[in-house]
Amino acid sequence: MATTEKIRVYELIDVSSLVKNEELIRGVFFEILKVPQLRTGYEFSISPISGWINFANNNELYSTFRLKSLLPNDPKDAERHALNFIKHVNHFFADNTKFAKSGLPIPFPSVYLVDSTLIFQKNGYPNLDHWLVRFGMKLGTGTTSSEVYGAALEIRIGNNSNKDFSQIIGFSLRWTPLKRSFPDDQIPFVDDHQEEEVTHHNEHEEEELLIMYKLPGESIPQNFLAPYYVSPKGHHLEFTPAVKLYAITARIFEVNKETGKDLYPDVKGGSGDFIYEWAYWIQGDFNATVTTVDGDFVSLPIGVYNVALNIIDRKTAVFTQTQSTVYSLGSEELRYKPFFEEIIKGCMHPLATNYKPMANADDENDPCDFPALPSS
9 MATTEKIRVY ELIDVSSLVK NEELIRGVFF EILKVPQLRT GYEFSISPIS GWINFANNNE
69 LYSTFRLKSL LPNDPKDAER HALNFIKHVN HFFADNTKFA KSGLPIPFPS VYLVDSTLIF
129 QKNGYPNLDH WLVRFGMKLG TGTTSSEVYG AALEIRIGNN SNKDFSQIIG FSLRWTPLKR
189 SFPDDQIPFV DDHQEEEVTH HNEHEEEELL IMYKLPGESI PQNFLAPYYV SPKGHHLEFT
249 PAVKLYAITA RIFEVNKETG KDLYPDVKGG SGDFIYEWAY WIQGDFNATV TTVDGDFVSL
309 PIGVYNVALN IIDRKTAVFT QTQSTVYSLG SEELRYKPFF EEIIKGCMHP LATNYKPMAN
369 ADDENDPCDF PALPSS
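In terms of the numbering used here, the sequence shown opens at residue 9 and continues consecutively.
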């Protein structure tokens with residue numbers, strides 16, 4: 009995307025309107041997919057948090073009786089079937105009178121083909137089972153379009169002997185429909201690792217920054233799709249807000265102390281006027297009590313915890329969530345952190361008689377004392 013003074017932000021629809029009309033949406037899809045009235049073995053769901061839609065025909069998925077001759081011939085043939093299905097679904101919903109009265113957008117957004125069409129087979133059986141065709145989403149048009157990270161449409165195609173769309177035996181739509189768009193001020197990219205990477209600066213200074221929109225997981229609520237600068241960091245992508253108000257990133261900052269750890273939010277972007285909601289529970293204990301705390305920080309006792317932090321911008325209603333596993337080891341942790349701010353002097357050699365495990369600096373007044381060798 010070319011650098012401009014303004015970048016568009018997209019407000020998402022209220023997911024409750026999808027859930028409220030789930031029976032209507034399911035009915036239209038089932039009519040398209042020729043689902044029998046009994047519906048045994050068919051699954052359809054709309055996530056009450058994200059609005060993602062999932063469909064599965066469990067009577068056909070991983071069937072032991074699939075004949076290879078009834079499947080699409082190759083990836084291109086499977087992709088053609090999937091594209092025809094998308095087109096047909098959107099036309100069918102647009103022409104449905106009851107759905108039109110709901111005021112909801114048609115289910116499938118504009119998509120592009122991802123180069124990873126796959127074929128599956130049931131474990132232990134030689135017959136091929138179905139094709140999986142993947143699509144991604146973009147926002148904007150032409151040279152100013154940007155990918156939506158985390159958004160996808162996956163379509164599973166089985167028996168293609170029918171002329172209708174009953175050969176679609178599953179699909180997963182990871183997408184929340186859009187309500188409107190509006191501009192936000194673009195902000196310059198700031199690399200937190202500039203000092204570490206100064207030697208590589210000349211290699212990358214001419215590269216145009218990649219901008220993507222980001223859609224979180226199925227169980228994380230979101231009100232807006234905002235743009236972020238994206239840069240690779242090892243095996244991961246790092247997201248940095250590209251607009252002033254509606255893009256927020258967060259991480260949990262840990263501070264050691266004798267009795268455990270204090271955790272603080274480290275937030276970039278947004279208005280700065282935030283609500284912080286913490287939750288933590290003991291890792292690995294499925295019956296553990298979840299402790300919730302509101303405020304600028306939370307103190308953890310000694311232990312290993314899963315921690316979730318919700319951040320809500322009071323001015324814009326932007327929501328984001330970050331999670332982390334925290335090892336709150338208390339004073340014992342200092343043994344493994346010689347760079348800790350507190351200087352503890354003493355003998356650091358483990359074979360010495362006066363070895364001091366907590367020491368992180370030599371003590372000139374108390375040098376290491378080693379056992380005397382036996383006399384010959």
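Even for Gly, the Cβ is constructed at its ideal location relative to N, Cα and C.
According to the DSSP assignment, V334 belongs to the beta strand (DSSP E) that extends over F327 to S336. By a beta-carbon distance limit of 8 angstroms, Y237 does not contact V17. Their separation comes to about 15 angstroms. Residue environment analysis places F143 among the buried positions, since at least 16 neighbouring C-beta atoms fall within 10 angstroms of its C-beta.
Of V301, T184 and Y133, the smallest CA-CA separation from S71 is found for Y133. Judged by DSSP secondary structure, G225 falls outside any beta strand (DSSP E); it is assigned neither H nor E. Between N314 and Q329, the C-beta gap is not smaller than 8 angstroms, which leaves the two residues out of contact. G278 has its alpha-carbon roughly 26 angstroms from the corresponding atom of V334. Looking from the CA of T267, the closest CA among K146, I310 and H244 belongs to I310. Counting along the chain, the unbroken beta strand (DSSP E) around N62 starts and ends at I61 to N65. Going by DSSP, R188 is part of no alpha helix (DSSP H) but of the beta strand (DSSP E) stretching over L186 to D193. Residue burial annotation: G292 is exposed, with fewer than 16 other C-beta atoms found within 10 angstroms of its C-beta. Here Q291 is not bridged, per DSSP, to any residue. Inter-segment contact for the stretch 104-114 and the stretch 27-35 is present: three or more beta-carbon pairs are separated by less than 8 angstroms.
In this structure I319 is in contact with V275, their Cβ atoms being roughly 6 angstroms apart against a cut-off of 8 angstroms. I256 has its alpha-carbon roughly 32 angstroms from the corresponding atom of V141.
By the neighbour-count criterion, in which a residue is buried when 16 or more other Cβ atoms sit within 10 angstroms of its Cβ, I283 is exposed.
Rounded to the nearest whole angstrom, the C-alpha separation of E372 and G354 is 8 angstroms.
With fewer than 16 neighbouring CB atoms inside 10 Å of its own CB, Y120 falls in the exposed class.
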